[in-house]
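*Asks:* Below are the structure tokens for one structure; questions will follow.
Right, here's the structure in full:
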């Protein structure tokens, strides 16, 4: 808000004449007001967009974990596949159907829980928990804390170990094993926790509902899902996901 003391004069016909110096002050004042309101609008838009991105990340994380449905996770460049259901990473000892996410044609048969046995196994874990560019990785939920310049990472489930590693080392170690993942999420309409597909949040992007050329090339492999309600095909790169994670923590 700005205030200007007006100095003006009247001619013999009653017309108002504003001093030239005041004209300059008025112009600058209106510019200042416009820029302030514009900055406030930009800030409001940024806050709104950040909230939308945060909500989208929550929905995407639900799909990645197979909450409210079932998810196939295809890791690149190794090609290794998992089935994710209700936060469990499962191995299929047979064929995974890309049309419904089932193992050997059955929803529950031939599945075993994935347990990490080597350092490279942690490359397949994409539910990232981080503090100060340090990751705490496990196939199950973890407790992570920071005290006296030290990051603590603890397992919450017995028999499912954890790994503490820097983001930089994780990216380097996993580059040739799993640097990106294609997810195929099958929503279960009868499950109240399912993610609605297509979704009203514009940041929840499914390649099977996109007209982009890149998505069309990817969809050649998953043509069964094209424009199909309740199925979301999306690919995430580790570098992008970890950069977004750091951004949202700012």
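In the numbering used here, the protein residues as written are 4 to 253.
For glycine and all other residues, C-beta sits at the position ideal for the given N, C-alpha and C.
These numbers were taken from a predicted model, which means no experiment stands behind them.
Which term fits residue 5, buried or exposed, when burial requires 16 or more other beta carbons within 10 angstroms of its beta carbon?
*Replies:* The residue given as residue 5 occupies position 2 in the chain shown. Any reading at residue 5 must be qualified, since the residue scores a pLDDT of 45, below 50, and its modelled position is unreliable; no value is offered.
*Asks:* State the DSSP-derived secondary structure class of residue 263, mapped to helix, strand or coil.
*Replies:* Given that the chain is displayed from residue 4 to residue 253, the structure contains no residue 263 and the question cannot be resolved.
*Asks:* Quick check: the Cα distance between residue 187 and residue 175, rounded to an integer number of angstroms?
*Replies:* As a first step, residue 187 must be located in the chain shown, where it is residue number 184. As a first step, residue 175 must be located in the chain shown, where it is residue number 172. If you take the alpha carbons of residue 187 and residue 175, they lie about 26 Å apart.
*Asks:* Evaluate residue 193 with the Cβ neighbour count: other Cβ atoms within 10 Å of its Cβ, from every protein chain shown; 16 or more gives buried, anything less gives exposed.
*Replies:* Taking the first residue of the chain shown as position 1, residue 193 is located at position 190. Residue 193 should be labelled exposed.
*Asks:* Take the Cβ of residue 52 as the centre, count every other Cβ of all protein chains shown within 10 Å, and call the residue buried at 16 or more, exposed below.
*Replies:* Start at 1 with the first residue of the chain shown, and residue 52 comes out as number 49. Residue 52 comes out exposed.
*Asks:* Measuring CA to CA, which of 145, 163, 209 is closest to residue 185?
*Replies:* As a working mapping, residue 185 is identified with position 182 in the chain shown. It is 209 whose Cα lies nearest to the Cα of residue 185.
*Asks:* Out of 212, 92, 224, 87, point me to the one whose CA is closest to residue 230's CA.
*Replies:* As a working note, residue 230 is residue 227 in the chain shown. It is 212 whose Cα lies nearest to the Cα of residue 230.
*Asks:* Under the rule that 16 or more other beta-carbon atoms within 10 Å means buried, what is residue 96, buried or exposed?
*Replies:* Within the chain shown, residue 96 is the residue found at index 93, counting from 1. Counting Cβ neighbours within 10 Å, residue 96 comes out exposed, since fewer than 16 surround it.
*Asks:* With 16 as the cutoff for other CB atoms within 10 Å, does residue 85 come out buried or exposed?
*Replies:* Locating residue 85 in the chain shown gives position 82, counting from the first residue. When all chains shown are included, residue 85 counts as buried.
*Asks:* Let me know the secondary structure DSSP gives residue 196 once reduced to three states.
*Replies:* The count along the chain shown starts at 1 and reaches residue 196 at position 193. Three-state result, residue 196: coil.
*Asks:* Tell me where the alpha helix (DSSP H) around residue 170 begins and ends.
*Replies:* Residue mapping note: residue 170 aligns to position 167 of the chain shown, counting from 1. Counting along the chain, the alpha helix (DSSP H) containing residue 170 begins and ends at 170-177.
*Asks:* What number of angstroms, rounded off, separates the C-alpha of residue 169 from the C-alpha of residue 133?
*Replies:* Position 166 of the chain shown holds residue 169. Position 130 of the chain shown holds residue 133. The alpha-carbon atoms of residue 169 and residue 133 are separated by roughly 9 Å.
*Asks:* Does residue 98 come out as helix, strand or coil in the three-state DSSP assignment?
*Replies:* Start at 1 with the first residue of the chain shown, and residue 98 comes out as number 95. Correct three-state label for residue 98: coil.
*Asks:* Does DSSP put residue 209 in a helix, in a strand, or in coil?
*Replies:* To locate residue 209, count along the chain shown from 1; it is residue 206. In the structure shown, residue 209 sits in coil (DSSP, three-state: anything other than H, G, I, E or B).
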